[in-house]
Every structure is written in structure tokens, then in C-alpha cells.
Amino acid sequence: MKGCFVTGTDTEIGKTRIAAGLLHRTAQAGWRVAGYKPVASGMEWIDGQWVNDDVQTLWAASSATVSPQQVGPCQLRQACAPHLAARAEGRSIDRAALRQGALDLAQQADWIVAEGAGGLCVPLGEDWDSADLMRDLGLPMVLVVGLRLGCINHAILTAEAMAARGLRLAAWVGNTVDPAMLHLSDNIATLEHEFQRRFRVPCLGVVPRLPEATAQAVAPHLDSEVLAGLWAMSGLSQPFTRTVS
Ligand SMILES: Nc1ncnc2c1ncn2[C@@H]1O[C@H](COP(=O)(O)OP(=O)(O)OP(=O)(O)O)[C@@H](O)[C@H]1O
Ligand SMILES: C[C@H](N)[C@H](N)CCCCCC(=O)O
Ligand SMILES: [Mg+2]
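Residue numbers (UniProt numbering): 1 to 245.
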């Protein structure tokens, strides 16, 4: 299985937007890509069906021929911690099925971008959590840091927990959650310094607050060299020269 797994310093900090940007850039390079949201909580009734926004966004940014159900095999109604959303429906989350879902998707795509629910240690069952799922998939990790006060500590704690859980952190991305954050650029410089000093991990980009955070708008903010390193680390060789619009 080739791809990466996107996690974040918290929920609602831009993981889906960054994952979609990554899919878009990789599809532009000519690869067949697919998003994967193994566990999604929070659905809305739109045009006669229940949908999850993350699954729809990742599916729309996929260039491989895959279905929304393949992108989101476990979609839960309530917008809350996934194990509680599952409990509310009298279900449990099937760990083996999530791994199999990724393997099946990887048969149809050159590269997959998986996205967790919330942050690194969100429980998915009585005795396992999101970090276990990330281990099951074995993909290099991308950490999205939601740029707002408190994020330096959250970022370092998450990266330390990844190392403790045997996860390989490949890159981090700063996403501007609070554009009015005091000393925004100094905070970014501090994150760059700390990720380099403590973990030797590069910055894959800093995304500003955008009028519309579409995959197309996010994609140019990703650093080409670091992205090429991520592709190489995850098993993709040279990108195709053929471009897909
Ligand atoms: N750079 C940005 N500029 C403008 N809006 C953004 C940006 N990044 C994220 N947003 C908006 O912030 C909200 C949360 O982003 P997103 O859904 O990607 O978060 P998430 O981390 O994936 O959340 P979840 O934990 O629910 O999966 C969305 O409405 C999204 O459009
Ligand atoms: C509903 C929300 N947007 C996410 N899909 C799930 C976030 C779970 C967070 C759980 C927690 O850390 O307390
Ligand atoms: Mg999301």
C-alpha cells in the first residue's frame, strides 16, 4: 500500500483540506489517487441521502475510479467522538475491515491519502484507537498543525506520541486557523525549529486562511521538494510528466 496518513493537532483544524490538496497535487503529477476516511462521524441529509462532508471532499479530490462508500467505509451519523457515534447506533467499529478497506482501495489507486477522525489518540473501540489504525495501515504520517495559540505544545505532544507509538512522521503542514494569531510568522518559525531539532521533520507547507479552502487553492502551498520526498518515502518513484487538469 502506497500513500500517507494525515492526522492533526485537533479536530476542525484543516486535515481534510490539506488531504484534498495533497490528492490534487499528486493527481496533477499523473498518478491515480484516492482519499480514504476510514472512520467518519457527522452526517447530513442532502438531496435524499445521508452524506459525510469529509468523505465527499476526499472522494471529489480522488482521480482513481472509486465510490464514496470505498472512501468512507464507516460513516456514522452523530458529529461526536466516533466510538460514541457508533455506540449511539448500536454498532462497533470493525478494525480489520478498515485495514482491508485500505488494501482494496490501494488496488485501484497508485497512492492513497488517509485521514483520521480528530487527533492521534481518538478512541475507536474499547481497547484500540486511531494511532493503532495508523499502525495497521503502515503509511508515513503527515501532521497538520492548526495555527492558533496552543498549537506549539499540541504539535510537539502529537509528534512525541507518534514516535512512542512507532509511527513514522514524514512532514508537517501549518494551516492558518487563526489569521489574527499574534506573531504568526514567529510561531511558524518556532514550529520549524522544534520539528527540525526534535524530530528532523520538514515542513510541507504553510497554508494561509483562504477565501475558499478548495483542493485547488490549497495545493500550490505545498512545497514541491518536500512533497517529492514524501512520494519517494511512500514508494512512488518519479512523478509522470503527463499532467491531468
Ligand atoms: N486554510 C483555510 N482557509 C479557510 N478555511 C479553512 C482552511 N482550512 C480549513 N478551513 C475550514 O475550516 C473547517 C475545518 O476544516 P476541516 O474540515 O478540513 O478540518 P478537519 O481537521 O478535517 O476536521 P475533522 O476533525 O472534522 O476531520 C472547514 O470549514 C474548512 O473549510
Ligand atoms: C465530529 C468531528 N468533526 C470529528 N469528525 C470527530 C472528532 C472526534 C474528537 C474526539 C476527541 O478528541 O474528543
Ligand atoms: Mg476532516
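The beta carbon of each residue, even a glycine, is placed where N, CA and C say it ideally should be. Values in this document were obtained by computation on a predicted structure and should not be read as measured data.
Expressed to the nearest angstrom, what Euclidean distance is found between the alpha-carbon atoms of residue i and residue j?
i       : j       : result
Arg-25  : Ala-106 : 18 Å
Thr-214 : Trp-45  : 22 Å
Arg-162 : Val-33  : Per the sequence shown, the amino acid found at residue 162 is Met instead of Arg. Going from the Cα of Met-162 to the Cα of Val-33 covers about 25 Å.
Phe-195 : Leu-147 : 14 Å
Gly-119 : Thr-7   : 6 Å
Leu-98  : Pro-73  : 7 Å
Thr-190 : Ile-152 : 8 Å
Glu-12  : Gln-69  : 22 Å
Ala-86  : Gly-42  : 11 Å
Gly-90  : Cys-80  : 15 Å
Run the CB neighbour count on residue i, radius 10 Å, all protein chains shown included, and call it buried at 16 or more, exposed below.
i       : result
Gln-56  : buried
Leu-149 : exposed
Pro-82  : buried
Glu-115 : buried
Ala-29  : buried
Gln-75  : buried
Gly-174 : buried
Thr-65  : exposed
Under the three-state reduction of DSSP, which class applies to residue i: helix, strand or coil?
i           : result
residue 246 : Absent from the model: residue 246. The displayed extent of the chain is 1 to 245, so no value can be given.
Gly-229     : helix
Gly-35      : strand
Asn-52      : coil
Ala-64      : coil
Pro-220     : helix
Thr-214     : coil
Met-134     : helix
Ile-93      : coil
Val-122     : coil
Met-162     : helix
Pop quiz: residue i and residue j are said to be a contact at Cβ under 8 Å. What is the actual Cβ separation, rounded to whole angstroms?
i       : j       : result
Pro-38  : Gly-101 : 6 Å
Cys-4   : Met-141 : 7 Å
Val-201 : Ala-171 : 6 Å
Ala-117 : Ala-40  : 7 Å
Leu-210 : Ala-217 : 5 Å
Report whether the distance from the Cβ of residue i to the nearest heavy atom of ligand 5 is below 7 Å.
i      : result
Ile-13 : This structure does not include ligand 5; its bound ligands are ligand 1, ligand 2 and ligand 3.
Query raised in the report: Near ligand 2, which residues have their beta-carbon closer than 5 Å to a heavy atom?
Result: Here the residues come out as Thr-11, Ser-41, Gly-42, Ala-79, Ala-81, Ala-117, Gly-118 and Val-122.
Query raised in the report: So which residues put a beta carbon under 6 Å from any heavy atom of ligand 3, going in chain order?
Result: Selection output, chain order preserved: Lys-15, Thr-16, Asp-54 and Glu-115.
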